[in-house]
Every structure is written in structure tokens, then in C-alpha cells.
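Chains as they are written, first to last, in the numbering used here: chain A, 1 to 317; chain B, 318 to 591; chain C, 592 to 1100.
Just so you know, even glycine gets a beta-carbon here, dropped at the ideal spot from N, CA and C.
Computed from a prediction, not measured in an experiment: that's the story for all the values here.
I have placed the structure first, in the form of C-alpha cells, so that the comments after it can refer back to it.
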Amino acid sequence: MAVVARGVATAAGLLLVASMLVFALVRAAPGDAVDVEFGESGASALLSPEEEAVARAQRARELGLDRSVPEQYARWLDRVVRLDLGTSFRTGRPVADELGDRVAASAALGGAGFLVALTVAWLIAALSARRPGGLLDHALRVLSLTATAVPTFLLGSLGLRYAAEWFGYPVAGEASWRRLWLPAVVLGVGAMPVVARLLRASLITEYGRPYALAARARGTSTARLTFRHVMRPAFAPLLTLAGLTLSSLVAASVITEVIFSWPGVSEYAVSAISAKDYPVVQAYLLLVVAVVVVVNRTMDVLQHLLDPRVAHAAQVA
Amino acid sequence: MRGTGRGLFAVGVALVGLMVLLAVAAPLISRYDPAAQGVGPALAGPSVEHWLGTDRFGRDLAARVLHGGRTTLLATAAALALVVSVGTLVGAAVAAVGSIVDRLARPLFDLLVAFPVMVVALALVGLWGPSLGTALAGVLIVLWAPFARLSRSLVRTALAEPSAVAARALGAGRLRLLRYEVWPRLRGPVLVLAAVEAAQLIGVVAGLSFLGLGAQPPSAEWGAMLQEGRAALWSAPHLVLAPGIAVLVTVLGLTCMAEGLRDMLDRAGQVVPE
Amino acid sequence: MSTPVLSVSGLTVTYGQLPVLDGIDLDLVAGRVHVILGASGSGKSTLLRALIGMVPSPGQVSARRFLLRTAGGEVDLSTPDAWRQVRGRHVGLIAQDPAQALTPLRRAGSLVREADRLTGGTADRGRVAEVLRAAGFTDPRAVASRYCFELSGGMAQRLGVGLAVAPRPAVLLADEPSTALDGLARARLAATLRQVANDGAAVVLVTHDVALAAGLADDVTTLDDGRLHDGRLAEGVPRHQGIRRIAVSVPPPADRDGAAMLSVRGLRKRYRGTGPVLDGVDLDVADGEVVGIAGRSGAGKTTLLRCLVGLERPDGGELRIAGRTPAEAGWRSLRRLVQVVPQDPRASLNPWRTAGDLVADPLDAHRIGTRAQRRARADELLDRVGLAGLEHRRPGQLSTGQCQRVAIARALAVRPRLLVADEPVTALDAPLRQGVLDLLGDVVREHGMAALVISHDLHVLEALCHRIAVLDAGRIVEDLPAAALRDDGTHPLTRALIDCHPTGETHVG
């Protein structure tokens, strides 16, 4: 599978570049690791200024902060690759474990949100592509535009408030199916319009192609035309844009997790920021970047598999 | 056929224009000082005296939303101008230089475009501490990339257009090509992207502020007001609703502008950016 | 005549206020091939779409009578719902471009099975093999498992025809079915269509391929401006759509050994990952001489042109314009001497600028004269090419022929010494070609400049040039005076080009 191998290779390259960017960002932050440690542990209060300076220099050497930047990066990367992301200031547990406990909840919410977005978008696109410019098309477009414009926090917080008041929606608690649906809908509404617009355009293009015409001339019904002829090519270009959807999903999920107290990684990261828990912030950034790169590459590979023409063209070229 | 998009674009311009106008004319519209406490009862609902009600310090909410628009819109406009110009120039430069620079820059642009803006801003806030400036900076770090990517590909295709090739063959220099061949093909798509990204920028910054990681109270800024309102969500939802709807209308306007422009470009057979 | 299978009268299709078809009467009889001729824009495709009940949505169809007679009785086709049972089963369509007309991401066998089920067949494995074998595939099993996008053009054509023919429709419509085909495939297609007619179907063939039509037609009608006229092949379309007469009988320049305007020696160019595109081109154009370059697509014509005007840097060889190499003189000054009339006039004009601006553009770029002088020169040139008063129009408001005239005027603006015309009439409809060629010949003579004309059409070159060079695989393989080419040309490619462009009535002038 040359396609898969190449996908893995580019993903590795991009992850490396991304790691440099993250490292640069972390290094550029005010206060180095020593400041942070001495500030947090309160050790400085017990030491005289001279003693503290000595202790700081000692600690800086231990941490390798006196070395060159590339060398520091190499050591940092080495630790990151071994998933040694430091320990949380607040809980004293390794950050990797803390995040690991919460990944499942975030993935469940993100996946459910994506599913909602895809289902609604597919419905809207299929309905409006049947008569472009028709009344239904216009109405659905207004709906899509409104959905784009409603801020997640507004929909989320008001949704939570009124769902709790009217249906007794549990405001706080563990991640559970009973609590999943509302944040998933909020998430899905935000990501839906982009998908719907692309899918609609894609469907209209495919309906107009000669093969669709020829299929109709052979007596194919509209439904059959949609599902058996047009759908697969129409979905293919969508995959490359799944990255776009992903980043809007991630953005929306930060807000949604906090509002719904959903025990995911983003909610954890936001609470860590208020507590100045730097290792968690860094680890969170790394995690999201890694997920984004991996998902984007996967979509690329998937597109090759879904549309053999792409692979075919690649071989020819 | 979906109409020309002109109507939609006009609606968008009208909405955004309305919000700008309200912000600019804030002191003329509301007679209250947005920072003055106790001008009315605390946490009152909308009334003739206080159109949108009051917050828990008895400040007039309408005045705060109107004045808050000034900070939010100005900060957004400044940030946007920065990313649009930097991104477009970088992309155009990369396309003009070509060869190895182009081949290295392209994957970098792609990577940055895929970065979730929200998360980068969040990380920056986490490392530097919450403020409107930090949140904006976090957005700016990545938001120039879409413009660079777009302008790179547009400049490249524009220079390969038969009319550009013909102009070169007839003796047109770099500046003439830029002015007559590249610029007309660049301006529309960049404007679409600018409207889309402006909407995103406002949404992300407001979202961060809502979480308490952006603009800080007591300043009259939509995000900061949202954060204050969030605490009183259960007793007085209008505190969130008022600035929330202000954000909504602005974003809706920008989205309509982008959609309308997209249609217009589409009809003219030009590139339509995502 | 026996009773028609499909009879239509008063068929009208309108888009908004605009009637595209205006009262068509048509009776299709079993066993006959009915040819419909028509220029582009005459409503041919709309007629076909109407005959299979698929006029796209804003179009309004009305007919006094629209009746199909099948074994099961008469079907009234004036309502859209009636078509559902008819399409595919009783009326079949062979689409124009077979490769585009097959769902790319489906396997051939799956399409056959689907079509068979829709038209009431058994749709089992044996039936699929039968249909594919009937379509001319010797190994149906291998074809059935292939994706349609993997099929070659010829295979796609066979499958497309096979799918349309398999249900034995009473009416078979064929939409320009031969455009993408070579000679052999065309003969095969003609045989198939005749066979279908002999088997008892009425065949409608919409085409501008006169050779195909002549061999098949039982009835001929011409579609013009949405109305049908009885026609005969001889009158329907000109036998040859190229150049009717030699436009410019230019005398060879008196002074043949005058200064070489263009001199090319051993010009080479290769792109990354391809073989050599130019493989040592030698070419001379004397002052005042008009030279043609003929060649098939892919011969390197366009690359040669790009090298000659400095859009492409050659890998080797020498290029002199008016005695100077680009390195000595710089392209900026050489471009005042060499101007180009590009291939696609519409695309090569900036759509945002007016005709006047476009013509003045080279003057502006080279900063020749004052602003007022440039505008005056532009108006004068537009006047010369027959576009007086159109200086404020943009390319979108001009016809393709007018665009080409703007391009010619623009190339003349700086009074170049050498004019390079790249396929100057290929993008134009046949009736417009003569005028543009006349104009080109006239301006070249008036300005007394040299010209290089690039074309795949020998008639165009014969009409304009003193001398014709034949380019093949990056080399000049023949270089003869235009008048002598037909008699003295020996290279196989030259012979092939001559065969493709027979003389006949083209030698009128």
C-alpha cells in the first residue's frame, strides 16, 4: 500500500514541523521552567536570595536550560515522544495519564457532533440540490446561514438552561448517553453549514454531469441516481475538507465541554489555564495538533481508497 | 440558479453597517454611561427606561452593548487588516519567488490552516495569562495562513491565465501584470475569505471571553459582558442574550457578505475560496 | 410510409420568454435512420432532450401531439410522468462523449445489470455477458469487473452504445456520437446504427459529421433557429467547412535575401519528466516574409512559440530577432519587434478592461507616445480591424470573432516587425474564419512586416503563407514554398497533412 506508506511519511514530517512550532511557542512564553517551579512550589520563600540563585542555576542545569536551543528541542522532543509530558502542578499526576482518562469522553462528543453535522448536512444538501434556486433551496440556505451565525456559547448556554428547565436535563455529572445528546447537537449545528454547502455544490455538479444524464436516459429513477451513481463521487471531495470540519469541531468543543461540564480534554485544559498549570496546557496543544495532523492525513489516504481515480491518476503521473 | 448573490451581499453589508453605525453613534443613542453603576435597579429586565435591562451592578445593558461594540469591532477590524495584508503579501511573494521556497511553504501553509484557531489562542492565553490582547495574538498566529495559501494559489493561476501570458508576450512588466492581471483575480476571493475569517475571529474571541480567557471585566466589551452574564445565566439570561445577539448579528452579516460574494464570483467564473 | 413509431407535432420548448424549439413536427418511422443537421446553437441538444423527456428544469415543453406507439399500445408523452416507463426501455440515448457518459465509479457489469433490471430484463450473470458480447467485447467477464473510468475511449463507446441498444428500444437517439472516434470506430458505429434500424427501431442521428450522415441517412432534416427544414446533405452543410478560397495571394517578397527577421538555430527544450519537446529547430523568416508552421498537436508548436517570444527559456540553441540575441538586446526591447496574436482570443484578453485599453496596452507598457496619442492610435487600430465605436466594450460584450480582431489590433499597436499568430482561427466558427484570415493577410501586407503563422490546418497556412515548415516531434521535417508543398512534400507527416486537407473547392481564388 504505497498510498498508506506515503500518508504515514508525510504525517511524520508534518508532526515534526508542528512540534517545532509548539516548542517555539512554549519557549517564547514568559518565565522558563525554573521560574515556574520556584514560583509554584513556594521554595523561594525558604531560601536567601543568594541560595536561591545557586539553586536556580543548579535546577536550570538539571533541566538542560543552559544548552543550545536545538539541543533543548531534541531533549524536549525525546521526552514528548516517550509521552513524558511532565506532571500536573495541581494533582501531581503525570499529565499524559490525566489527559488519557479524558480522551474517550472528548472523542465520544466529537464523534457524535460530527455524526449530527453529517446527517443534517446530507439531508439539507440532498433536499436543496434537487431544485437549485427553488423555494426549498432558499429556505434551507437561510437556515444554514443562521446556523453559521449563532455563536456556540449562546446556543450552548441557553440550550442547557432551557433543556434543564423544561426536560430536566442533568446539568452536571459523569459522561453518559443521557448527557451526550445536547452538546452533540450544539456541536453539530456549528459544523453543519460548511459541510452542507460543500455537499450541495458537489451534488449539483454531479447531477449535471453527462454520466448522470445518461443514467437517467436509461430509465434510472431519481432516488437510484442519487444513491447508486452520484453519491460516491459527491462525497469524495468532502473528505479533504473534513480537516476544516475537524478544526471547527475542536473549536466548538472547547466551549461546549466547558458549558456542559463534559469531562473531556478541552474542559480539563480550560480549568488548567485558570490554575496556571503549564504542563497541561502544553500537552493539550500537542495532543490537538497531533490529532489534527493525523486526521487530515487519514482523510487524504481515505480519499485515495474511496475514489480509485485519484490513485489511478497518481500512478499515471 | 441562486440569484446573483447581490441581494445577499447587500443584506450582509447592511447588517454589518448597522452594527458599526450603532457602535460609532453609541453616545448619541444611549444617554447612560456604560461604566456608571447603579443607574438603575440591579438585574432588571428590559423596560422603557433601560431597553435591554441592567446588570448586577445596575449598569445599563443597552449602553454597554453599544459601547462594547466599539472595542470588539475595532479590535476585530485591526486584527483582520493585519492578517489579510500579511497573509496576502506572504502568499504572493511565495508564488512570485516560486521554486524551492514555494515547495517548502505550501505544506507549512496547509499545516497552519488545519490548526484549530481556538486551541492555539487557548494555549497562548494559558501561557501568557488571559487578556483580550493575548487572545487576539493567539488568533493572529495562525489566521494569516489561510490568506497566504489563497493568495499563493491565486497569484500562480492568475499568472498562468492566457490573458496574463499574452500581456507578458506583448511586453507588460511586473507591475502591469500585478495591477491588471493579478489584482482583479485576487480581490474578490480575498474579500470572501476576509469576511469568513472575520466571522470566525469574532466568534473565537467572544467564545474565549465567555470562558473568562479573553477580554476581562469590567471593560464594556461583548466578550467580557458575556463572561459576566454567564454567572447569572440562570437568574437573568438577558445578560448573555444581549451581547450574544450582538455577536450573532455581526457574524450573520459577515456570513451573508461572504455567501453573496461567493455567488457573484461563482457566476463570473472566478475562484471561490472555502 | 408506414405508421410512425413516434410522432411529434408542434413541439415547442421555451426558456423564460425565449423559444429554443419553435413548433417542431417530426415523424419517426421504424427501420429508418433520420439525420438531423444543425449548427451549434440551433437547438439540437434541446430537441434530443425533449425527445427523451429530459428538458432541464426552467424549460417549458409543450406539444400538440407527442405519441409513442409500442407493442403494448399508444403512450401519450406530453406529461412528464409518462416518460418514467418509456425512458431507457422504449427510447434510448447514445450520449455524445462516451467516456463522460458512464458513471466513473461503477463497474461496467454493474451498470449493465442495473440497466437491464430497469428495462425489465433478468439481470443475471448470463444476461450481462450477453449484453457485453453483443456490444463487441470478446471477454465480457474481464470487462464487467472493470471500473468505467478505467475503460479506454473505444471501450466506453462500445459499452455506451451497448447499454442503449440492449433493451431494443423503439426509438434510438444518437447525439453527435462520432465526435470522439477515429475512422475504424466510426465505421463500427455506423454499422451498429444501421443494424439497430434494420432490427426495427427508428434511429435519430444528430450530427455535423457529414461523412457518417451520408452513409446512413434515410431522411434528412436541418434544424435552424429552432425550426426543422427538409434538407439534403449536399445543401445541409458545406462539404468542407474550412477556407473556401485562398485569401491572400501574397507575392513572395521581392528581396528574398533581405535581412533575416528571425533566425533560429538548433533550438532545444525539454520539460521535467518529458522527452525533448523541441529537438533542434532551425528556422528563418526573412523581412516581409510570411512563414507557416504546420504540425499535429504535441509536435511542439506552442513550445516553439513560447520560446520565440521569451515566455520560455530554451535549453540550447540560438535565437536571433532582427540580428540580435535576447541576451544582447533584452526581451523588453525585443518585444517591441515581436508581437503575438494568441490562440484563444477570449481567454487572452483581460475581461476587466475595455477594448480601447487592451489595444493601447502594449503602448502603455512600452511607454510609447503621450496618453492622448496612445488612445488615438488605439481608436485608429480598432477602426482598421472593423470595430469602430466599440472601444468601450469589454471582452464579455464582444463576440469571439470581435475578440480576435481586438487581439490583432493589439498586436499591431507597437508596429512590430514580426507578427506571430498562434492558431489564429481555430477558436472561431467556420463562417468567421475567412474574415479574420483576410484581415490578417491585409495588415501583414500593409505594415510590410514578417509573420509566423502556427496552425494544424493546412488550408489556413496555404491561404496566408509564402513558405510552410512542417514540425514533427520537435524538428522541422519539411520546409517548402507554400505553392510547392502539395507536389514536392515527401515527409510522411506532410503527406498525411495533405491527405487530411484535400484541395477541392478550396482552390477557388
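Residue i in three-state terms, based on DSSP
i	result
residue 179/A	helix
residue 625/C	strand
residue 856/C	strand
residue 58/A	helix
residue 329/B	helix
residue 538/B	coil
residue 451/B	helix
residue 581/B	helix
residue 1058/C	strand
residue 167/A	helix
residue 272/A	helix
residue 1084/C	helix
residue 369/B	coil
residue 867/C	strand
residue 1095/C	Any reading at residue 1095/C must be qualified, since the residue scores a pLDDT of 47, below 50, and its modelled position is unreliable; the value itself is stated next. Residue state, collapsed to three classes: helix.
residue 342/B	coil
residue 982/C	coil
residue 835/C	Bear in mind that the predicted position of residue 835/C carries a pLDDT of just 41, short of 50, making it unreliable; the figure below should be weighed with that in mind. Residue 835/C: coil per DSSP, three-state reduction.
Residues near residue i in its chain [Cβ-Cβ closer than 8 Å; skip 5 each side]
i	result
residue 847/C	Only weak support exists for where residue 847/C lies, its pLDDT of 49 falling under 50; the value from the coordinates is given anyway. 877 and 880.
residue 951/C	965, 966, 968, 969 and 1004
residue 258/A	266, 267 and 270
residue 245/A	114, 117, 191, 194 and 195
residue 160/A	169, 171, 182, 259 and 260
residue 80/A	19 and 286
Cβ neighbours of residue i in the same chain (closer than 7 Å, five flanking residues each side left out)
i	result
residue 1086/C	1080
residue 361/B	367, 370 and 371
residue 544/B	526, 527, 529 and 534
residue 1084/C	1061, 1063 and 1068
residue 206/A	212, 230, 233 and 234
residue 105/A	175, 262, 263 and 264
residue 868/C	860, 861, 862, 891, 894 and 1065
Supposed close pair residue i, residue j - CB separation, criterion 8 Å
i	j	result
residue 531/B	residue 447/B	7 Å
residue 690/C	residue 744/C	5 Å
Opposing strand residues paired with residue i [DSSP bridges]
i	result
residue 698/C	738/C
residue 930/C	1010/C
residue 678/C	682/C
residue 909/C	856/C
residue 885/C	1046/C and 1061/C
residue 651/C	605/C
residue 561/C	This structure does not reach residue 561/C, given that chain C is present from 592 up to 1100, and the question cannot be answered.
residue 131/A	Paired residues: none, contrary to the question.
residue 765/C	685/C and 796/C
Listed by chain order, chain A residues near residue i by CB distance under 8 Å
i	result
residue 1107/C	Absent from the structure is residue 1107/C, since the part of chain C shown begins at 592 and ends at 1100.
residue 373/B	Ordered by position in chain A, no residue passes the 8 Å Cβ test against residue 373/B, which lies about 17 Å from the chain.
Chain-ordered chain C contacts of residue i [CB-CB under 8 Å]
i	result
residue 209/A	691
residue 229/A	694 and 697
residue 498/B	941
Proximal residues of chain B, C-beta to C-beta of residue i below 7 Å
i	result
residue 900/C	486
residue 906/C	In chain order: nothing, as chain B lies at least about 17 Å away.
Partner residues on chain C for residue i, Cβ-Cβ distance less than 9 Å
i	result
residue 531/B	Here the premise fails: no neighbours, minimum Cβ distance about 42 Å.
residue 332/A	Nothing in the structure corresponds to residue 332/A, since chain A is present only between 1 and 317.
residue 220/A	678, 679, 705, 706 and 709
6 Å CB neighbourhood of residue i in its chain, flanking five on each side removed
i	result
residue 429/B	459 and 462
residue 15/A	293
residue 586/B	none
Contact set between residue i and chain B, taken where Cβ atoms lie within less than 8 Å
i	result
residue 938/C	478, 479 and 480
Distance cut-off 8 Å: residue i Cβ against heavy atoms of the ligand NAP
i	result
residue 88/A	The ligand NAP is not among the ligands present in this structure, which contains no ligands whatsoever.
Beta-carbon neighbours of residue i, restricted to chain B and to distances below 9 Å
i	result
residue 1012/C	Those within 9 Å of residue 1012/C in chain B number zero; the least Cβ separation is about 12 Å.
Partners in chain A for residue i, counting only beta-carbon separations shorter than 7 Å
i	result
residue 576/B	145
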